[in-house]
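Working notes, structure below.
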Amino acid sequence: MTDDQKPAVRDERYDPQQIEPKWYKRWLNDETLYEAESNTAKPKYYVLEMLPYPSGALHMGHVRNYAIGDALARYMWMNGYNVLHPMGWDSFGLPAENAAIKNSTPPRQWTLANIANMKAQMKRLGFAYDWKREVTTCLPEYYRWNQWFFLKFYERGLAYRKKSKVNWCPECATVLANEQVAGGFCWRHETTPVIQKELEQWFLRITNYADELLAGMEQLAGWPEKVRVMQRNWIGRSQGAEVDFKLDGAAGPYGAAIRVFTTRVDTIYGATSVQLAPEHPLVADLVVANPGLGAEVAAMLAEQKKARDAGDLGDIEKHGVFTGRYAINPYNAEKVPIWVANYILMDYGTGAIMSVPAHDERDFEFAQKYGITIRPVIEAAGVSEQPALPFTGINGRLINSGPFNGLVCEEAIRKMTAHAEQQGFGKTAVTYRLKDWGVSRQRYWGTPIPMLYCARCGIVPVPENELPVILPENVEITLAGASPLTRTPAFLDAKCPKCGGVARRETDTMDTFVDSSWYFYRYCDARNDRAPFDPATVAYWFPIDQYIGGVEHAILHLIYSRFWTKVMRDMGLVKNSEPAERLFTQGMVIKDGAKMSKSLGNVVAPDEMVARFGADSARMYSLFAAPPDRELDWQETGIEGVQRFLSRVYRLVVRHAKPEQAEWRQPVPAELGPVARGLQR
RNA sequence: GCCCGGAUGGCGAAACUGGCAGACGCACGGGACUUAAAAUCCCGGGCUCCGAAAGGAGCGUGACGGUUCGACUCCGUCUCCGGGCACCA
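Right, here's the structure in full:
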């Protein structure tokens with residue numbers, strides 16, 4: 002080989018640091034590069050990644066998420082689709098307030114600086130977003146529509162106030178997020194126990210849609226089965242019966258009966274006690290009559306709270322206390338003792354159960370511990386030997402159950418429920434584990450809830466034409482005390498739109514899950530200042546063809562989003578009943594077996610990866626290192642292989658771009674095998 | 001505790017319906033080419049033991065048990081890891 006036939010080695014070397022700066026300039030400056038088209042005959046494709054919280058800098062989990070979406074978006078473009086691939090910022094939330102205190106930087110300034118930084122990082126990585134549709138939830142242009150939706154929900158009876166508990170640190174005199182409670186104590190005052198305080202709060206009636214949310218899970222074939230299962234379980238529909246057990250002796254102010262919910266009314270002849278949640282309203286009355294109970298009940302509540310915050314509720318042992326009172330089983334007039342037990346939940350069912358130890362695991366454990374009678378009332382069917390108690394199966398026949406003896410369980414449930422209805426002491430009932438969505442937050446950095454309190458007119462919504470209710474900028478953010486909004490007269494003082502009198506503005510702000518429940522609609526028409534979006538435009542793009550995000554959002558974000566979509570459909574704003582046709586949940590990026598986090602000090606910064614290996618290597622590695630739906634345990638060894646692969650691709654292209662310099666030659670079709678010929682198209 | 005996942009070589013994994021476990025790739029080792037390196041090409045490899053070699057034997061998919069002619073796959077019990085549990089987002 003002579004010298005001039007030799008390949009030009011220098012030109013063949015793949016050096017991302019030589020190539021990428023040129024393109025980075027273009028990615029940085031031209032925001033129209035990846036614009037979706039508006040008038041086109043092409044079929045549409047909406048690919049969406051979950052929008053990030055602007056915490057300061059991208060982490061590898063973001064890179065993984067966006068690399069998946071970016072690859073798909075580019076693939077669909079190349080296949081001739083009109084692709085919508087937008088990005089935005091879930092930019093309200095607690096960290097901005099914490100940062101404000103720590104760095105004396107206003108939340109807005111801190112947040113916007115983080116956004117600028119992370120946006121530059123995204124551009125440096127070459128992600129193909131339509132930046133003209135960027136959505137920033139902390140700006141009034143966006144959050145005014147949160148307020149507008151809130152008013153619409155209120156009009157439709159879907160927003161209401163009720164008392165609800167919050168974590169309260171007496172030292173800070175402030176409400177704490179669950180995250181700010183550590184082992185039952187305030188994260189700043191490690192010796193101050195957190196208490197539960199009741200506040201009036203705003204709720205959205207997601208439970209109105211429980212059945213539809215459940216039914217939707219059967220239809221969405223494009224969602225991972227595990228997410229559908231998790232959502233189904235979260236909604237937790239149970240069909241059963243409510244039965245009233247009369248209080249033996251004088252009736253207290255609560256009334257004469259304890260209403261229990263059960264899915265197994267067929268086992269009611271085996272009920273040997275009634276168990277109340279510690280928060281059950283009747284408990285307070287019983288404590289008055291029997292002051293010895295008070296300390297026990299208070300201890301139970303504290304223990305429950307503590308275990309819950311520590312994240313190991315399993316460590317609390319089931320225990321309870323006999324109240325000294327009895328209730329009467331309406332089926333057989335038997336007197337059964339009333340207990341208060343730490344494992345009964347006030348916000349599920351009626352907050353009271355009938356305890357049937359022979360046929361329920363938890364009741365069995367409890368009865369054994371306290372020596373409560375265990376009386377079998379169901380005999381397993383189709384077995385030669387009766388199984389050990391507790392027998393929880395439904396395939397059996399009733400025994401020890403008076404007139405219902407001999408019935409199979411399913412039939413007994415029907416007949417016994419009908420009997421209760423005839424006699425007026427019970428009825429069929431459906432309960433859900435799903436609770437209404439508490440959206441009130443006693444925080445500054447969120448969307449102000451557009452409501453007023455007038456001494457004369459009561460609760461009055463802010464008129465639509467007065468939106469947005471602007472979050473004031475110059476406030477002092479402190480660790481202790483109530484929200485700064487309660488100390489800002491310019492915000493607080495308002496005029497009642499009904500009577501013109503003095504009114505006080507609501508100081509609660511909205512849960513940030515509100516922001517992320519409908520942001521993907523706003524991308525379709527992001528600059529609309531007359532409506533959240535134009536319905537026709539949304540009708541073109543929706544549903545989202547592919548939604549991509551972390552599995553940690555499998556329940557809350559996705560169920561709230563689905564709820565919001567259904568309400569919007571009922572308002573006539575959208576035609577679709579579900580936001581996303583297909584969902585992909587990528588696995589977490591972990592390092593050394595743990596989630597990457599600042600506190601563990603095992604964070605790998607994408608910037609460093611890009612500097613060392615180039616954006617393409619960093620992106621390709623995060624796609625290649627593990628199947629996308631699995632966890633990715635970050636190891637640096639793999640990225641070298643990716644870089645070598647890219648070098649080979651690069652060389653191939655360079656050589657064919659300069660065939661006269663290459664020792665390679667143009668392929669001759671006749672010499673190629675069928676696979677290689679296929680590649681030529 | 002409850003709900004949802006996961007565990008297979010040095011690493012990422014594959015085996016889709018119960019039929020040769022470890023495809024494919026990464027990293028690595030040996031060789032060819034080169035003055036040398038990079039690149040490229042060829043070869044190698046689950047573990048242990050026997051054998052100079054060709055080759056052979058045993059063990060092996062988190063643990064224990066079961067079903068089956070046959071189990072990574074099905075059933076039961078359990079361990080460990082990750083996610084969620086409604087005010088982190």
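In our numbering, the protein residues as written are 2 to 682.
From the three backbone atoms N, C-alpha and C, an ideal C-beta is built for every residue, glycine too.
Alpha-carbon to alpha-carbon, residue j and residue i
i: N30; j: Y67; result: 20 Å
i: K124; j: F534; result: 27 Å
i: P449; j: A178; result: 18 Å
i: R157; j: G573; result: 13 Å
i: A285; j: F585; result: 48 Å
i: M621; j: V643; result: 7 Å
i: E637; j: D617; result: 15 Å
i: Y46; j: M88; result: 15 Å
i: C458; j: R162; result: 16 Å
i: D212; j: R229; result: 14 Å
i: Q122; j: S578; result: 35 Å
i: Q387; j: T393; result: 12 Å
i: A527; j: H554; result: 24 Å
i: S518; j: M51; result: 11 Å
i: R488; j: R506; result: 12 Å
i: F367; j: S402; result: 22 Å
i: P473; j: R649; result: 56 Å
Residue environment, residue i, which counts as buried when at least 16 other CB atoms sit within 10 Å
i: A296; result: exposed
i: A359; result: buried
i: E362; result: exposed
i: M355; result: buried
i: L653; result: exposed
i: A342; result: buried
i: G293; result: exposed
i: I460; result: exposed
i: S105; result: exposed
i: R376; result: buried
i: E641; result: exposed
i: R531; result: exposed
i: M79; result: exposed
i: T374; result: exposed
i: K592; result: buried
i: D494; result: exposed
i: N475; result: exposed
i: P485; result: buried
i: R27; result: exposed
i: P22; result: exposed
Member of the options whose CA lies at the smallest distance from the CA of residue i
i: L624; options: V288, A257 and G70; result: G70
i: F128; options: A74, Q220, V440 and G271; result: A74
i: T175; options: K163, E156 and V195; result: V195
i: K166; options: L200, L248, A483 and K133; result: L200
i: D348; options: P388, H281, L302 and L390; result: H281
i: A222; options: R656, G588, L653 and A581; result: A581
i: Y210; options: G237, K43, R65 and N475; result: G237
i: P107; options: Y445, M511 and F392; result: Y445
i: W111; options: F93, N330 and Y15; result: F93
i: N396; options: C410, W90 and Y371; result: C410
i: M569; options: F521, F392 and A627; result: F521
i: P628; options: G615, P171, I640 and Q587; result: Q587
i: A278; options: F262, I269, Q232 and E135; result: F262
i: I259; options: T351, K319 and V48; result: T351
i: P462; options: C187, F646 and L152; result: L152
i: G271; options: C139, F405 and R326; result: F405
i: Y155; options: I556, D516 and L453; result: L453
i: A257; options: R645, K133 and R326; result: R326
i: A421; options: E226, D245, K370 and I379; result: D245
heavy atom of the ligand SAH below 8 Å from residue i C-beta
i: V357; result: In terms of ligand content, the structure shown is empty, and the ligand SAH therefore cannot be addressed.
Does the stretch 34-50 come into contact with the stretch 76-92, if we say contact requires no fewer than three beta-carbon pairs (one atom in each stretch) closer than 8 Å? Yes: at least three Cβ pairs fall under 8 Å.
Three Cβ pairs or more, each shorter than 8 Å: is that satisfied between the stretch 420-437 and the stretch 494-507? Touching, no, given that fewer than three Cβ pairs across the two stretches are closer than 8 Å.
Segments assigned beta strand (DSSP E), at least 3 residues, entirely inside the stretch 65-141: For the stretch 65-141, the full-length beta strand (DSSP E) segments reaching 3 residues or more read 83-85 along the chain.
Report yes or no: do the stretch 539-546 and the stretch 454-468 share at least 3 C-beta pairs separated by less than 8 Å? These segments do not touch.
For the stretch 180-214, which segments carrying the beta strand (DSSP E) assignment without a break, of at least 3 residues, lie completely within its bounds, in sequence order? DSSP assignment within the stretch 180-214 yields the following whole beta strand (DSSP E) runs of 3 residues or more, N-terminal first: 196-205.
If we count Cβ pairs, one from each stretch, closer than 8 Å, do we get three or more for the stretch 551-569 versus the stretch 202-216? Segment contact: the stretch 551-569 against the stretch 202-216, three or more CB-CB distances shorter than 8 Å; contact assigned.
Completely contained alpha helix (DSSP H) runs for the stretch 343-418, where each covers 4 or more residues: 362-371, all fully within the stretch 343-418.
Within the stretch 465-549, note down every full beta strand (DSSP E) run reaching 3 residues or more, in order along the chain. 494-496 and 503-506, all fully within the stretch 465-549.
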